[in-house]
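Student: Numbering (full-length UniProt numbering), first residue to last: 1 to 193. Glycine is no exception: its CB is placed at the ideal position from the N, C-alpha and C atoms.
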Amino acid sequence: MGQNEQVTAPAPFPKAPRGEFGYDPEEVDRALRVARERYENFDNGSGGKRLTAKSIRHTAFTMRKSGYSAPHVDAALERLEDAVAVREREERVAQLGQDAYLAETKDAARAVLKRIQRPAGDRFQRVTAFQRGYSVAEVDEFCDRVDAFLRGKASMTLREARGVAFAPKRRGYEEGQVDLLIDALVDVMLAIR
Numbered sequence: 001m002g003q004n005e006q007v008t009a010p011a012p013f014p015k016a017p018r019g020e021f022g023y024d025p026e027e028v029d030r031a032l033r034v035a036r037e038r039y040e041n042f043d044n045g046s047g048g049k050r051l052t053a054k055s056i057r058h059t060a061f062t063m064r065k066s067g068y069s070a071p072h073v074d075a076a077l078e079r080l081e082d083a084v085a086v087r088e089r090e091e092r093v094a095q096l097g098q099d100a101y102l103a104e105t106k107d108a109a110r111a112v113l114k115r116i117q118r119p120a121g122d123r124f125q126r127v128t129a130f131q132r133g134y135s136v137a138e139v140d141e142f143c144d145r146v147d148a149f150l151r152g153k154a155s156m157t158l159r160e161a162r163g164v165a166f167a168p169k170r171r172g173y174e175e176g177q178v179d180l181l182i183d184a185l186v187d188v189m190l191a192i193r
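1) If we count Cβ pairs, one from each stretch, closer than 8 angstroms, do we get three or more for the region 18-30 versus the region 64-81?
2) What do you get for E90, buried or exposed, if any count of 16 or more other CB atoms within 10 angstroms of its CB means buried?
3) Would you give the residue range spanned by the alpha helix (DSSP H) that Y39 belongs to?
4) Please determine, among M63, R87 and R64, the residue with the shortest C-alpha to C-alpha distance to T52.
5) L190: which of A16, T157 and R38 sits nearest, CA to CA?
6) Which two residues bound the contiguous alpha helix (DSSP H) that contains K65?
7) Report the rounded CA-to-CA distance for Y134 versus R123, giving the unit in angstroms.
8) Ordered along the chain, which non-local residues of its own chain (more than five positions away) have a Cβ less than 7 angstroms from that of A60?
9) Is the distance from the Cβ of V164 to the Cβ of F142 below 7 angstroms?
10) Give the DSSP-derived three-state secondary structure of P71 in the structure shown.
11) How many Å lie between I182 and G19 at the Cα?
12) Once you ignore the five residues that flank A129 on each side, which residues in its own chain have a CB closer than 8 angstroms to its CB?
13) If you reduce the DSSP assignment to three classes, tell me which class G22 lands in.
14) What residue range is occupied by the uninterrupted alpha helix (DSSP H) comprising R162?
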């Protein structure tokens, strides 16, 4: 090797296909570096900024050409979220005890059920007539699936819950409320794994 040649480490993720957008590599690399530090220092909170399953779930990156393949990065983030959720669950059980932890999880599941048992079309607030929200029909269909899952009548994977997407529609459901329900559902699913 010549004196001026540098050895570069291979990219941690494949690039998005040519002509498609992917996640900004610098943002992804920085986020994963910080996450790794916080994961390795989980017990001391890494200077007060703790890595949580929820913070991982809410991680977002700028899309750009020649970026990292989004499905590959998303899969890595899901694995990290799962690992952190296990640590959080173990910590919570150690704090509360198994019975209290299970009671807390059941309460969270009941809160999700209470919301989704509202009548179809009225489960969440609607946006104004001139705004777009999540498709009421699609969200209601998802809520019916969640209801069946929580009652043990149907299966649902974490990937399905995390990856659900709804079409934008006028007079749709308020996105923030629906997203909070999905967050709560994912928290319950991680807790009962």
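Tutor: Result, derived from the coordinates:
1) Result yes; three or more Cβ-Cβ pairs closer than 8 angstroms.
2) For this step, residue 90 is matched to residue 90 along the sequence shown. Its Cβ having fewer than 16 others within 10 Å, E90 is exposed.
3) Reading the sequence shown from its first residue, position 39 is the one you call residue 39. Taken as a continuous stretch (DSSP letters only), the alpha helix (DSSP H) holding Y39 covers P25 to E40.
4) As a position in the sequence shown, residue 52 is number 52, starting the count at 1. Among M63, R87 and R64, the Cα nearest to that of T52 is on R87.
5) As a first step, residue 190 must be located in the sequence shown, where it is residue number 190. Answer by Cα proximity: T157.
6) Numbered from its first residue, the sequence shown carries residue 65 at position 65. Counted as a single uninterrupted DSSP element, the stretch harbouring K65 is not any alpha helix (DSSP H) but the beta strand (DSSP E) occupying residues M63 to K65.
7) As a first step, residue 134 must be located in the sequence shown, where it is residue number 134. As a first step, residue 123 must be located in the sequence shown, where it is residue number 123. Distance between the alpha carbons of Y134 and R123 is about 12 angstroms.
8) Start at 1 with the first residue of the sequence shown, and residue 60 comes out as number 60. So the list is empty, once near-sequence residues are dropped.
9) Position 164 of the sequence shown, counted from the start, is the residue given in the question as residue 164. Position 142 of the sequence shown, counted from the start, is the residue given in the question as residue 142. In this structure, F142 lies closer than 7 angstroms to V164 by Cβ.
10) Against the sequence shown, residue 71 aligns to sequence position 71. Correct three-state label for P71: helix.
11) If you number the sequence shown from 1, residue 182 lands on position 182. If you number the sequence shown from 1, residue 19 lands on position 19. Spanning the two alpha carbons is a distance of roughly 32 angstroms.
12) Here residue 129 corresponds to residue number 129 of the sequence shown, with the count starting at 1. Excluding positions up to five away in sequence, the list reads R170 and R171.
13) Along the sequence shown, read from residue 1 onward, the residue named residue 22 stands at position 22. DSSP places G22 in strand when its eight states are reduced to three.
14) In the sequence shown, residue 162 corresponds to position 162, counting from 1. L158 to G163 is the span of the alpha helix (DSSP H), which, as asked, contains R162.
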